[in-house]
Amino acid sequence: MPLALLLALQAAAPAAPPPAAAAGIVDSDFDLARFQPPSLGLPGRGCARADPSAIIVCGRRSAGAYPLAEMALIFEPRHMVAQTRLGGNFIGDVHVESVPMDRGQVSNRVMVGVRLPF
2 MPLALLLALQ AAAPAAPPPA AAAGIVDSDF DLARFQPPSL GLPGRGCARA DPSAIIVCGR
62 RSAGAYPLAE MALIFEPRHM VAQTRLGGNF IGDVHVESVP MDRGQVSNRV MVGVRLPF
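Take 2 as the starting number for the sequence shown in this note's numbering and just add one per residue.
And the structure:
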């Protein structure tokens, strides 16, 4: 049976050639490596828009080019708290503990808690 399948696959018609491009679609050869950035000679705060075919992105930097202080507030490592409001005043949380025991053992615990503030 496998031999008959192989013979049938070999006798199958060859694949059809790819369809021609539809009307209105241009087959283009675009290679970005061939293009060099234009020397724009931009003044301090403006943008030269003399070439209508060029795409120019203009913008101003804020006082600091890299606001490291703001980024540190957003992305600095801090203690994560996994808690959510369960309904009403009930708050559920999950946290882990690692407690050293005698003889060098360490007890790793996962704690699930429900709190009702009063």
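Cβ coordinates follow ideal geometry from the N, Cα and C atoms, glycine included.
Whole-angstrom C-beta distance between residue j and residue i, which should lie under 8 Å
i: residue 115; j: residue 93; result: 5 Å
Inter-residue Cα distance where the pair is residue i and residue j
i: residue 57; j: residue 34; result: 18 Å
i: residue 75; j: residue 85; result: 21 Å
i: residue 103; j: residue 97; result: 20 Å
i: residue 37; j: residue 111; result: 59 Å
i: residue 107; j: residue 68; result: 42 Å
i: residue 46; j: residue 70; result: Annotation note: pLDDT 48 at residue 46 (below 50); position unreliable, coordinate value reported separately. If I take the Cα positions, the gap works out to 26 Å.
i: residue 16; j: residue 59; result: 50 Å
i: residue 10; j: residue 83; result: 59 Å
i: residue 99; j: residue 109; result: 4 Å
i: residue 4; j: residue 18; result: 28 Å
i: residue 30; j: residue 54; result: 18 Å
i: residue 52; j: residue 80; result: 53 Å
i: residue 78; j: residue 101; result: 25 Å
i: residue 6; j: residue 26; result: 41 Å
i: residue 118; j: residue 105; result: 37 Å
i: residue 32; j: residue 113; result: 58 Å
i: residue 73; j: residue 24; result: 54 Å
Coil, strand or helix - residue i by DSSP
i: residue 1; result: Because residue 1 is not part of the residues shown, which for the chain are 2 to 119, the question remains open.
i: residue 73; result: helix
i: residue 24; result: coil
i: residue 34; result: helix
i: residue 46; result: Unreliable placement is indicated for residue 46, whose pLDDT of 48 sits below 50; the coordinate value is still reported in the next sentence. DSSP places residue 46 in coil when its eight states are reduced to three.
Span of the alpha helix (DSSP H), counted from its first residue to its last, around residue i
i: residue 7; result: 3–11
Starting from the N-terminal side, write out each stretch of the beta strand (DSSP E) that is 3 residues or longer and does not extend beyond the stretch 76–115.
83–88, 91–101
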